């Protein structure tokens, strides 16, 4: 069975600094997608970034980038120039052919002014 | 704007009541929708996969008779929590698979059973 693990329940970062959130996963599939979602207090699920497993190049979206290590089954999220609005719960998620998502337990990110 | 609409956003009702939650895809036809449950400070757990025109597929440990899912059209799936009790209080989120691209999440329903 596929699993997603986020080992950091909570992280803090100073405004304008960089922070990295960790995620590891386990799967026997070769074709899959990985995602990072942000969930603010409103509880909306906001897609931050996605990575296709067949792509070697790490995905980047403005201040957000990932370090995808397929062999190690690692998928970390780097947030550069952190802003107060980045404070939220961040969930790492895995999706394969069935289209259902498996979420990690989440990391609460605090941004300090 | 939102491409998946979930309604209601908040519901408070008495124990024993049945509650229906709707999930609508607004800009696309969704043959598959998903229902998740999120307890406070926990992750989203998949409850079931809703398939248009056929029976839902439930995850292990989820009671089919408790959580009724109907996906009667390509744009609407409903989750009915039957005879709800306080332990059913939770945040319920749906998502819909867009055939042309990503999956979209609804804004969730906060269910409180008194």
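Chains as they are written, first to last, in our numbering: chain A, 1123 to 1235; chain B, 24 to 137.
Even glycine gets a Cβ: it sits at the ideal position worked out from N, Cα and C.
Since the model is a prediction, treat every value here as computed from it, not as a measurement.
Chain A contact for residue i (CB, 8 Å cutoff)
i	result
residue 72 of chain B	yes
residue 131 of chain B	yes
residue 128 of chain B	yes
residue 51 of chain B	no
Inter-residue Cα distance where the pair is residue i and residue j
i	j	result
residue 78 of chain B	residue 87 of chain B	10 Å
residue 1192 of chain A	residue 1222 of chain A	20 Å
residue 1144 of chain A	residue 1152 of chain A	21 Å
residue 116 of chain B	residue 1194 of chain A	31 Å
residue 112 of chain B	residue 1189 of chain A	37 Å
residue 1156 of chain A	residue 1207 of chain A	23 Å
Test: residue i CB closer than 8 Å to a CB of chain B
i	result
residue 1221 of chain A	yes
residue 1130 of chain A	no
residue 1227 of chain A	yes
residue 1166 of chain A	yes
residue 1169 of chain A	yes
Beta carbon of residue i nearer than 8 Å to that of residue j
i	j	result
residue 1136 of chain A	residue 1234 of chain A	yes
residue 1159 of chain A	residue 1127 of chain A	no
residue 128 of chain B	residue 1167 of chain A	yes
Identity of the residues DSSP links to residue i by a beta bridge
i	result
residue 1212 of chain A	A/1160, A/1229
residue 40 of chain B	In DSSP, residue 40 of chain B forms no bridge with anything.
Environment of residue i [buried if 16+ CB atoms lie within 10 Å]
i	result
residue 61 of chain B	buried
residue 1204 of chain A	buried
residue 33 of chain B	exposed
residue 41 of chain B	exposed
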